[in-house]
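Everything in the sequence shown is counted per the working numbering, starting at 5 for the first residue and increasing by one.
From the three backbone atoms N, C-alpha and C, an ideal C-beta is built for every residue, glycine too.
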Amino acid sequence: MDPAVASAISVTAGDVLAAQARLRKYLDVTPTHYAERFGCWLKLENLQRTGSYKVRGALNALLAARERGDDRRVITASAGNHAQGMAWAAYRLGIPAITVMPRTAPETKVAGVAHWGATVRLHGDTYDEAKAFARELAEQNGFRLLSAFDDADVIAGQGTVGLEIAAAMNPDVVLVPIGGGGLASGVALALKSQGVRIIGAQVEGVDAMTRALQGDRSLRDPAATLADGVRVKEPGYLTEHILKDLLDDVVIVREAELRETLVRLALEEHVIAEGAGALALAAGKRVAGKRKCAVISGGNVDAGVLATLLSEVRPRPPRKPRRRTQERLPLPAAKQQPPLPAGLLPANDAAQPRLTSVPSNISKDLPEELLA
C-alpha cells in the first residue's frame with residue numbers, strides 16, 4: 005500500500021465490531037487455555053479453521069467486498085496461512101481465488117490451499133518476491149489484490165481475536181507475533197481502549213516492523229527462521245501507522261528461544277504450534293503481568309520439522325512450582341453455635357463442666373494408674 009493512501013485510511017474499533025458480526029455465522033470462538041508452567045494464558049488460534057487466525061481477515065475482506073458490490077476475482081500473496089484462509093473463505097462463499105506462494109512455503113500449507121480449490125502459483129523464494137508477482141498479475145488481469153496484512157478489512161477481521169480474549173479473561177497484557185503487523189494492529193484496536201498493554205514479538209534478524217517504527221524502512225533480507233509466517237521484508241504502511249499509536253513495546257526473540265518454546269508447548273502443554281505460533285509465548289517470559297495472554301497464531305507445522313525439533317531440542321526442566329503459604333481464597337470460618345440462655349441450663353451445669361463417669365465393667369479391667 006502506498007504511504008499516502010495508508011495515511012488517509014482509518015480503521016477503528018467499530019470496524020472490528022462489524023467484522024465480528026460478519027464472522028459470527030462462519031467461525032467459532034477459539035478456546036483460551038492457562039499454561040501453568042509458562043504462567044501465561046494462551047489464545048489457541050492453531051485450532052481455528054485452516055489452523056491459523058488468518059482466515060478471520062480473509063473472510064471478513066471477502067464479505068465486506070460483497071457488501072460493497074465488488075465482484076472481481078481475488079488474488080493474494082502469502083507464505084501459507086493467509087493463502088489457506090483465503091482459499092477456505094472463497095470456497096465457502098463460492099468465489100474464485102488465486103494464491104501466490106513462495107517455493108519455500110511448507111508443503112502442508114501448499115496442500116491446504118489446494119485442498120479448498122484455490123489456484124496455487126509458486127513463485128520466488130520469499131514472501132516479498134511472491135507479493136511482487138501477485139501485484140503484477142493483478143495489474144495485468146484486473147484482479148483485486150488482497151494484502152495479507154496491509155488492508156483495512158483484513159486488519160478488522162484479525163482484531164476479532166482481541167475481542168474474544170477480552171470476553172474470556174479480562175487480560176492486562178496481550179502478546180502478539182508481528183510480521184507485517186495485521187494481527188497486532190487489529191488486536192490493538194480491539195483492546196487498547198480497555199487499558200490493555202499490547203506487546204509485539206519478532207525474531208532476531210526478522211524485525212522489519214521494529215525498525216520501521218523507529219523510522220528505518222530500509223529493505224533488508226530477513227534471516228532464515230523457524231517462524232516462516234512472520235518472515236517479512238517490508239512491513240505494511242497502514243499497520244505501521246496504527247502500531248505507532250497503539251503498540252506499547254516489541255520484544256526481540258532469539259531463534260534458540262523460539263525453538264525451545266515450540267518444543268515445550270508440545271511436550272508440556274500438548275499444543276502443536278508452528279514457529280510463528282510459538283513466537284508470542286517465547287517473548288512472554290520477559291514481560292510482567294498478572295493476566296498475560298499470548299496468541300498462538302497458528303499450528304501448520306510440517307511433520308518432518310516437528311519431528312526434527314523434538315529429537316534435537318532438549319528444553320531445560322521447568323522450575324519447581326512455588327509452595328503456597330496461603331490459599332488463594334480464605335477458608336470459611338467454622339460456625340459457632342450460639343450459647344443457650346442461662347435460664348435454660350441447670351444450675352449445676354452452668355457452674356461446672358459435665359463429668360462423665362467410666363462404666364463399671366470397663367473400670368474393672370483398666371490398671372489403677374489409668375483410672376486415677
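What are the start and end residues of the beta strand (DSSP E) that includes residue i?
| i | result |
| --- | --- |
| residue 204 | 201–207 |
| residue 104 | 101–105 |
| residue 26 | Not the beta strand (DSSP E): residue 26 falls in the alpha helix (DSSP H), residues 17–27. |
| residue 180 | 177–181 |
Tell me, which residues are paired with residue i by DSSP?
| i | result |
| --- | --- |
| residue 225 | The partner list for residue 225 (beta bridge, DSSP) is empty, contrary to what the question assumes. |
| residue 253 | 203 |
| residue 38 | 45 |
| residue 56 | 302 |
| residue 148 | 78 |
| residue 210 | 207 |
| residue 296 | 177 |
If residue i and residue j are in contact, beta carbons under 8 Å, what's the gap, nearest whole angstrom?
| i | j | result |
| --- | --- | --- |
| residue 64 | residue 161 | 3 Å |
| residue 290 | residue 317 | That belief does not hold up - the Cβ atoms of residue 290 and residue 317 are roughly 20 Å apart, past 8 Å. |
| residue 193 | residue 15 | 6 Å |
| residue 181 | residue 205 | 5 Å |
| residue 233 | residue 186 | About 11 Å; that fails the 8 Å criterion. |
| residue 216 | residue 244 | 5 Å |
| residue 78 | residue 67 | Not a contact, Cβ separation roughly 12 Å. |
| residue 56 | residue 301 | 6 Å |
| residue 102 | residue 122 | 7 Å |
| residue 277 | residue 50 | 6 Å |
| residue 240 | residue 281 | In fact, because the Cβ distance is near 20 Å, the residues do not count as touching under 8 Å. |
Buried or exposed: which applies to residue i, given that a residue is buried once 16 or more other Cβ atoms fall within 10 Å of its Cβ?
| i | result |
| --- | --- |
| residue 219 | exposed |
| residue 129 | exposed |
| residue 29 | exposed |
| residue 198 | exposed |
| residue 242 | buried |
| residue 257 | buried |
| residue 38 | exposed |
| residue 247 | buried |
| residue 332 | Residue placement at residue 332 cannot be trusted, given a pLDDT of 47 that sits under 50; what the coordinates show is reported in the next sentence. Looking at its Cβ environment, which holds fewer than 16 other Cβ atoms inside 10 Å, residue 332 is exposed. |
| residue 174 | exposed |
| residue 231 | buried |
| residue 86 | buried |
| residue 249 | exposed |
| residue 33 | exposed |
| residue 288 | buried |
| residue 292 | exposed |
| residue 92 | buried |
| residue 74 | exposed |
| residue 179 | buried |
| residue 146 | exposed |
| residue 223 | exposed |
| residue 312 | exposed |
| residue 58 | buried |
| residue 72 | exposed |
| residue 41 | exposed |
| residue 25 | exposed |
What's the gap between the Cα of residue i and the Cα of residue j?
| i | j | result |
| --- | --- | --- |
| residue 46 | residue 144 | 43 Å |
| residue 296 | residue 131 | 31 Å |
| residue 314 | residue 119 | 28 Å |
| residue 108 | residue 134 | 11 Å |
| residue 284 | residue 299 | 6 Å |
| residue 320 | residue 265 | 10 Å |
| residue 114 | residue 140 | 21 Å |
| residue 52 | residue 221 | 33 Å |
| residue 18 | residue 169 | 17 Å |
| residue 20 | residue 303 | 24 Å |
| residue 237 | residue 189 | 18 Å |
| residue 99 | residue 70 | 10 Å |
| residue 202 | residue 308 | 33 Å |
| residue 44 | residue 260 | 20 Å |
| residue 268 | residue 274 | 9 Å |
| residue 4 | residue 27 | Residue 4 falls outside the range modelled here, since the chain spans only 5 to 376, and no answer is possible. |
| residue 48 | residue 76 | 33 Å |
| residue 60 | residue 126 | 24 Å |
| residue 35 | residue 23 | 19 Å |
| residue 13 | residue 208 | 31 Å |
| residue 97 | residue 306 | 28 Å |
| residue 153 | residue 62 | 10 Å |
| residue 156 | residue 171 | 23 Å |
What span of residues does the alpha helix (DSSP H) with residue i cover, start to end?
| i | result |
| --- | --- |
| residue 125 | Per DSSP, residue 125 belongs to no alpha helix (DSSP H); it is in the beta strand (DSSP E), 123–126. |
| residue 185 | Neither: residue 185 is in no alpha helix (DSSP H) and is coded neither H nor E. |
| residue 315 | 307–316 |
| residue 85 | 85–97 |
| residue 168 | 164–173 |
| residue 117 | 111–119 |
| residue 279 | Segment: none, residue 279 is in no alpha helix (DSSP H) and carries neither H nor E. |
| residue 273 | No alpha helix (DSSP H) holds residue 273; DSSP gives it neither H nor E. |
With a threshold of 7 Å (Cβ to nearest heavy atom), would residue i be considered close to the ligand ZN?
| i | result |
| --- | --- |
| residue 251 | Although the ligand ZN was asked about, the structure shown includes no ligands whatsoever. |
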